[in-house]
Amino acid sequence: MPPKLDDIDLRILRELQADGRMTNVELASRVGISPPPCLRRVRALEEAGLIRGYHADLDERKLGYEVVCFAFVHLASQAEADLAAFQKRIRDWATVRECWTLSGDIDFALKCVAPDLKAFQDFVADLTAMPNVRNVRTALTLDRVKDEPIVPFG
Numbered sequence: 001m002p003p004k005l006d007d008i009d010l011r012i013l014r015e016l017q018a019d020g021r022m023t024n025v026e027l028a029s030r031v032g033i034s035p036p037p038c039l040r041r042v043r044a045l046e047e048a049g050l051i052r053g054y055h056a057d058l059d060e061r062k063l064g065y066e067v068v069c070f071a072f073v074h075l076a077s078q079a080e081a082d083l084a085a086f087q088k089r090i091r092d093w094a095t096v097r098e099c100w101t102l103s104g105d106i107d108f109a110l111k112c113v114a115p116d117l118k119a120f121q122d123f124v125a126d127l128t129a130m131p132n133v134r135n136v137r138t139a140l141t142l143d144r145v146k147d148e149p150i151v152p153f154g
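Numbering (UniProt numbering), first residue to last: 1 to 154.
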């Protein structure tokens with residue numbers, strides 16, 4: 001059961017999702033409360049698992065990762081042991097930045113980065129050669145149209 005969130009909690013979450021670097025004093029000012037109770041609320045939201053962490057939004061291309069792609073993986077078997085083995089390998093693979101389990105014809109969608117096309121091709125070859133992988137479809141990205149945090153606060 002999700003925790004009860006009041007309007008101030010929701011404003012805190014919205015503000016931190018937009019800018020996780022602001023000071024507690026700035027956050028308190030934006031949500032209309034004083035800093036000590038604001039900090040207590042943030043800590044409570046963290047402890048409840050609503051705030052999973054903070055990170056910088058990096059530009060992958062400026063850091064040498066020219067290729068951003070999606071790989072759609074269909075497994076030959078969805079037995080629990082086979083799924084666990086695939087997921088473990090994906091978790092250990094630095095090229096894979098996100099992995100989602102899907103329903104329907106595709107078992108997994110992977111968001112991946114690579115420094116160049118050759119590295120991307122090597123990744124696809126390794127992915128395709130994995131045990132239990134039936135097929136892999138890939139799509140190279142051309143341009144980012146929208147990149148918003150996953151929770152749509154108004």
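Every residue gets a Cβ at the ideal spot worked out from N, C-alpha and C, and that includes glycine. Because the structure is a prediction, the values reported are computed rather than measured.
Does residue i pass the burial test, meaning 16 or more other C-beta atoms within 10 Å, or should it be called exposed?
{"i": "residue 73", "result": "buried"}
{"i": "residue 95", "result": "buried"}
{"i": "residue 107", "result": "buried"}
{"i": "residue 127", "result": "buried"}
{"i": "residue 125", "result": "exposed"}
{"i": "residue 129", "result": "exposed"}
{"i": "residue 71", "result": "buried"}
Report back the beta-carbon spacing between residue i and residue j to the nearest angstrom; my notes put them in contact at under 8 Å.
{"i": "residue 68", "j": "residue 113", "result": "5 Å"}
{"i": "residue 157", "j": "residue 13", "result": "Residue 157 lies beyond the range of the chain shown here (1 to 154); nothing can be said about it."}
Go through its chain and collect everything with a Cβ distance to residue i's Cβ below 7 Å, but skip five positions before and after it.
{"i": "residue 82", "result": "75 and 132"}
{"i": "residue 9", "result": "41 and 45"}
For residue i, which residues of its own chain have a beta-carbon under 8 Å away from its beta-carbon, when the five flanking residues on both sides are left out?
{"i": "residue 15", "result": "22, 27, 30 and 31"}
{"i": "residue 85", "result": "131 and 132"}
{"i": "residue 17", "result": "149, 151 and 153"}
{"i": "residue 115", "result": "64, 65, 66 and 67"}
{"i": "residue 89", "result": "130"}
Determine the direct distance from the alpha carbon of residue j to that of residue i, and round the result to whole angstroms.
{"i": "residue 152", "j": "residue 78", "result": "32 Å"}
{"i": "residue 5", "j": "residue 147", "result": "26 Å"}
{"i": "residue 135", "j": "residue 61", "result": "28 Å"}
{"i": "residue 120", "j": "residue 52", "result": "30 Å"}
{"i": "residue 24", "j": "residue 92", "result": "35 Å"}
{"i": "residue 7", "j": "residue 57", "result": "27 Å"}
{"i": "residue 110", "j": "residue 19", "result": "26 Å"}
{"i": "residue 123", "j": "residue 80", "result": "24 Å"}
{"i": "residue 141", "j": "residue 35", "result": "43 Å"}
### Query
Quick check: the stretch 100-108 against the stretch 13-32, are there 3 or more CB pairs under 8 Å?
Fewer than three beta-carbon pairs drawn from the stretch 100-108 and the stretch 13-32 are found closer than 8 Å, and the two stretches are therefore not classed as touching.
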